[in-house]
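Structure record follows, encoded as C-alpha cells.
Number of protein chains: 2
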Amino acid sequence: MTAHSIVDLQTPALLVDAEALEYNLVTMAAARPGAQLRPHVKAHKCTTLARRQAAHGHHTFTCATIREVEGMVAAGLADDLLLANEVLDARRLGALEARVTVAVDSAHTIAAAAAGGVREVVIDVNVGLPRCGCAPEDAGRLADLARATGLSVRGVMGYEGHAVGLDDRATRERLCEESMQRLLAAHAQVGGALISAGATGTYDCNRWATEIQAGSYALMDTAYAKLALPFRRALSVLATVISVSAGHAVADCGLKALGMDHGNPSIDDATVWFCSDEHITFAAAAAVRVGDRIRVWPGHIDPTVAYHERMHVVSGERVVDVWPVDLRGW
Amino acid sequence: MTAHSIVDLQTPALLVDAEALEYNLVTMAAARPGAQLRPHVKAHKCTTLARRQAAHGHHTFTCATIREVEGMVAAGLADDLLLANEVLDARRLGALEARVTVAVDSAHTIAAAAAGGVREVVIDVNVGLPRCGCAPEDAGRLADLARATGLSVRGVMGYEGHAVGLDDRATRERLCEESMQRLLAAHAQVGGALISAGATGTYDCNRWATEIQAGSYALMDTAYAKLALPFRRALSVLATVISVSAGHAVADCGLKALGMDHGNPSIDDATVWFCSDEHITFAAAAAVRVGDRIRVWPGHIDPTVAYHERMHVVSGERVVDVWPVDLRGW
Numbered sequence: 001m002t003a004h005s006i007v008d009l010q011t012p013a014l015l016v017d018a019e020a021l022e023y024n025l026v027t028m029a030a031a032r033p034g035a036q037l038r039p040h041v042k043a044h045k046c047t048t049l050a051r052r053q054a055a056h057g058h059h060t061f062t063c064a065t066i067r068e069v070e071g072m073v074a075a076g077l078a079d080d081l082l083l084a085n086e087v088l089d090a091r092r093l094g095a096l097e098a099r100v101t102v103a104v105d106s107a108h109t110i111a112a113a114a115a116g117g118v119r120e121v122v123i124d125v126n127v128g129l130p131r132c133g134c135a136p137e138d139a140g141r142l143a144d145l146a147r148a149t150g151l152s153v154r155g156v157m158g159y160e161g162h163a164v165g166l167d168d169r170a171t172r173e174r175l176c177e178e179s180m181q182r183l184l185a186a187h188a189q190v191g192g193a194l195i196s197a198g199a200t201g202t203y204d205c206n207r208w209a210t211e212i213q214a215g216s217y218a219l220m221d222t223a224y225a226k227l228a229l230p231f232r233r234a235l236s237v238l239a240t241v242i243s244v245s246a247g248h249a250v251a252d253c254g255l256k257a258l259g260m261d262h263g264n265p266s267i268d269d270a271t272v273w274f275c276s277d278e279h280i281t282f283a284a285a286a287a288v289r290v291g292d293r294i295r296v297w298p299g300h301i302d303p304t305v306a307y308h309e310r311m312h313v314v315s316g317e318r319v320v321d322v323w324p325v326d327l328r329g330w
Numbered sequence: 331m332t333a334h335s336i337v338d339l340q341t342p343a344l345l346v347d348a349e350a351l352e353y354n355l356v357t358m359a360a361a362r363p364g365a366q367l368r369p370h371v372k373a374h375k376c377t378t379l380a381r382r383q384a385a386h387g388h389h390t391f392t393c394a395t396i397r398e399v400e401g402m403v404a405a406g407l408a409d410d411l412l413l414a415n416e417v418l419d420a421r422r423l424g425a426l427e428a429r430v431t432v433a434v435d436s437a438h439t440i441a442a443a444a445a446g447g448v449r450e451v452v453i454d455v456n457v458g459l460p461r462c463g464c465a466p467e468d469a470g471r472l473a474d475l476a477r478a479t480g481l482s483v484r485g486v487m488g489y490e491g492h493a494v495g496l497d498d499r500a501t502r503e504r505l506c507e508e509s510m511q512r513l514l515a516a517h518a519q520v521g522g523a524l525i526s527a528g529a530t531g532t533y534d535c536n537r538w539a540t541e542i543q544a545g546s547y548a549l550m551d552t553a554y555a556k557l558a559l560p561f562r563r564a565l566s567v568l569a570t571v572i573s574v575s576a577g578h579a580v581a582d583c584g585l586k587a588l589g590m591d592h593g594n595p596s597i598d599d600a601t602v603w604f605c606s607d608e609h610i611t612f613a614a615a616a617a618v619r620v621g622d623r624i625r626v627w628p629g630h631i632d633p634t635v636a637y638h639e640r641m642h643v644v645s646g647e648r649v650v651d652v653w654p655v656d657l658r659g660w
C-alpha cells in the first residue's frame, strides 16, 4: 500500500504532515499533560493516530459514536473511554470489556445506560450551546436518579461550543468562563472527580475543567486556524489537476472528499470557484498544468476525514506511513 | 443485518423508500427508455440499485470514479461503462475485462488513456459550465489526435451543469439548448454515435443528446425537488431524538451523515438550527420526545450517500432490504 512518493498516490488522497502533527501533539501535551487532556477521536477517526496521542501521555479518550468506542477498545486504547454523547440503546457499549462512560442528560438516557449494561456515566449539562445537556439546575436531580438506578456518576461534562470558534480571544474567554460557571454550579450538585469540557479553541483558557475534550488540535483546519492557536495545519487533500482551460483549472477533489459545512476549501495561491462531486474548479495565480499535484485545505477536518479510508503520512513529498481511518460509520 | 422495522435500526441510517424509488425508475424509463438514458451511478454508489435500473431497461451506465467503474464490472453490470471524467492514470481501467470508455479533453488525458490500455474515448466538451471539457472548436483536433494514438472515438459529451439546477424552466431550457448547440458543433467535427449530456434537471428538455447521464432522479433531493420534476424524494436519513430542551431538540444525525454543500437538511414540520458532527439541533412545531424517530431530508443526495455503508430499503416502517453502498472511495 505504501507509495514512496506522493506522486505515486491515487488521488484524491488524504495527507497528514508528519512534522506538523508531531509539533501539535508535543505542544498540546506540554500545555495539557496526561489526563488533563481527553483527546477527542472524532476529529481524526484513526486508532493509529490515537496511539500517537497515547505515546504523548494521554490515556483517556473522548468518542462521539458507539463505533468509535468499539474501535478504540479493539485497538487496545481502552483505559478510560468517554462517549460524550447521548444514546438510547447502550447494549453495544455494555457488551465491551473496557471502562466505558457515557453522557446522560435525561431520565430516558439514564434508563438506556442502565438497561444496556453501562456502569458509569457523566451528567451532560447545557452550558450555553443549544444542543444536548440538561439545565444546570436539573443536574443534581439526574445524578440522584442515575445513582438510584445503580449507575456510578463520575461527574459532569459541558461543551462550550458557542465559544470555542470565536476569533476574538476576549469574547471567547468570557463566554468560556460563563459556561464553566454553569458547569461548576451543576458539579456542586452532582459531585464526582470529572469536570469535562472544552475543545481546541479553549484548551488554554478553560481553567475550570479537570480535562479538555480537544480533537482538532492534532490535524487542525482552516476555521480553527483563524484563532491564532499554536497548532499547525497538518491535514490536506492531495489532488491531481485533470483539466486546464483559459481562466480556470480543475482537480480531482470534490464534495465526496471534503467536509463542506464550513464552505469551500482553499488552495494556496489560488481562488476556489466551486466544488462538484469529484471536481474542484479554481483559478490559480501561476500557470497550472494537467498532471500537476496540488494540496487542497479542507474548511472542516472532521467531516473530511470521515470520507476517506486511509490517511497518508508524509514528510515533505515522501509517504512514510499509511494509517487506516478505522473509526468511520456508526 | 435486516431489521424488521425501522425502530430496530441503529441510527443514523440511510432509508430508501421502495415505492418512491420504483416510481422514479418507472417514470424515467418511460421518458428515456433503454440506451436513451445512461444512469449515473455517482448519485447512489450502489450496484444493487444499478441492477434495478438495468431491470428497467438501462444497460449503459455513467461513472465518476475509477472505483465506481471497477465496482460495476465486479457486479456484472459492465455492458458499456462511461467514466465521464478525466484521469491521468488509466491503468486500472485498462486492466478491466469490460467495455470501458473514458472522457478526454486534452493531449495529456488522451495519452493517459492510451498508455493505460483503454481502447475507447469520448471527447469531453465545455458547453458552458466552467469545469472539464475542451473548447468546442478544439474537439475535432483532439479526436484526430486520439484516433492517431490508436483510440476509438465514440463521440462527444458535454455537461450543461450551469443549467440543470435552475428553477425557471424557460431559462433552463434556453441554456440547455445553447449548450447543446456547442456540443453539436463539436460533434460535427468529431463524429461517432454518442452525444452524451445532461442530467436529471434537463432529462425532458434536452432533445439533442442521444443519451442523458441522469443520476439524481432515482433518489432525488431537496434542491432538485424545487424544479417541479415528476420524481419523488426517496432518500432520507433516519435519526433518533436523543435530547429535548425548552425550545429545541437534538437528533443523532450530523455532518458525517449528510452532504452539506447545499446547506442544512430539512425535517418536516420543524426548523433546523444547525448540524454538528453527530447532532442536528432543531425546533419542531409539535412536541418531540426523547427516543422518537425522525426523518432528515438531505440537501444533496450524492455526498450524503457517500458517508454511509448501506442503505435500508423501506416500505412504510418496514425494512424490506439492505443494500451495500459498495462504490465508495476512489
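Same order as they appear, the protein sequences are chains A and B.
According to this note's numbering, the residues represented by the first sequence are 1 to 330, in order.
According to this note's numbering, the residues represented by the second sequence are 331 to 660, in order.
Cβ coordinates follow ideal geometry from the N, Cα and C atoms, glycine included.
In this structure, residue 613/B places its C-beta atom within 7 Å of the C-beta atom of residue 578/B. In the DSSP assignment, residue 449/B forms no beta bridge with any residue.
With at least 16 other beta carbons inside 10 angstroms of its own, residue 172/A counts as buried. A Cβ-Cβ distance of about 23 Å is found for the pair residue 334/B and residue 620/B, leaving them out of contact under the 8 Å criterion.
Under the 10 Å beta carbon count, residue 473/B is surrounded by 16 or more other beta carbons and is classified as buried.
The stretch 625-638 of chain B and the stretch 542-561 of chain B touch, with three or more beta-carbon pairs separated by less than 8 Å. In summary, residue 573/B is buried, with 16 or more beta-carbon neighbours lying within 10 Å of its beta-carbon over all protein chains present.
Membership of residue 648/B in any alpha helix (DSSP H) is not indicated; the residue belongs instead to the beta strand (DSSP E) covering 648-654. Of the candidates 225/A, 52/A, 67/A, 225/A places its Cα closest to the Cα of residue 265/A. Contact annotation for residue 526/B against chain A: no contact, minimum CB-CB distance about 17 Å [criterion: below 8 Å].
Interface flag for residue 46/A against chain B is unset, since no Cβ pair is found closer than 7 Å.
Of the residues assessed, residue 76/A falls on the exposed side of the cut-off, its CB having fewer than 16 other CB atoms within 10 angstroms. The closest CA to that of residue 99/A, considering only 89/A, 72/A, 110/A, 258/A, is found on 72/A. The beta-carbon of residue 590/B is placed less than 7 Å from the nearest beta-carbon of chain A. Taking 7 Å as the cut-off, the beta carbon of residue 571/B is found closer than this to the beta carbon of residue 622/B.
Excluding five sequence positions before and after residue 469/B, the CB atoms of its chain that fall closer than 6 Å to its own CB belong to 453, 455, 516, 519, 520, given in chain order. A direct Cα-to-Cα measurement between residue 137/A and residue 159/A gives close to 16 Å. When the five nearest sequence neighbours on each side are left out, the beta carbons in the same chain lying within less than 6 Å of the beta carbon of residue 263/A are those of 299, in order along the chain.
Per the C-alpha coordinates, the member of 348/B, 369/B, 349/B positioned closest to residue 358/B is 369/B.
Between the beta-carbon of residue 146/A and that of residue 110/A there is about 5 Å, and that keeps the pair under the 8 Å contact cut.
Judged by DSSP secondary structure, residue 187/A falls within the alpha helix (DSSP H) whose first and last residues are 169-190. Setting aside the 5 residues that flank it on each side, residue 432/B is surrounded in the same chain by 413, 417, 420, 423, 443, 448, 451, each with a C-beta closer than 7 Å to its C-beta; the list follows chain order.
In this structure, DSSP gives residue 600/B an extended state, which the three-state scheme calls strand.
In this structure, the straight-line span from the alpha carbon of residue 57/A to that of residue 325/A is close to 22 Å. For residue 402/B, the enclosing alpha helix (DSSP H) stretches over residues 396-404. In terms of Cα proximity to residue 204/A, the closest of 164/A, 192/A, 155/A, 181/A is 164/A. Of all residues in the stretch 605-617 of chain B, only 605, 606, 607, 608, 609, 611 come within less than 8 Å of chain A when Cβ atoms are compared, listed by chain position. Residue 152/A counts as exposed, since fewer than 16 other C-beta atoms from the protein chains shown sit within 10 angstroms of its C-beta. Restricting attention to alpha helix (DSSP H) runs no shorter than 4 residues, the stretch 14-89 of chain A encloses them at 18-31, 47-55, 66-74, ordered along the chain. Interface annotation, residue 531/B: not in contact with chain A, CB-CB separation never under 7 Å.
Taken atom to atom, the span from the alpha-carbon of residue 45/A to that of residue 393/B is near 28 Å.
No Cβ of chain B is located within less than 7 Å of the beta carbon of residue 41/A. The three-state reading of DSSP puts residue 108/A in helix, counting H, G and I together.
Inter-residue distance for residue 567/B and residue 580/B is about 14 Å (C-alpha atoms, whole angstroms).
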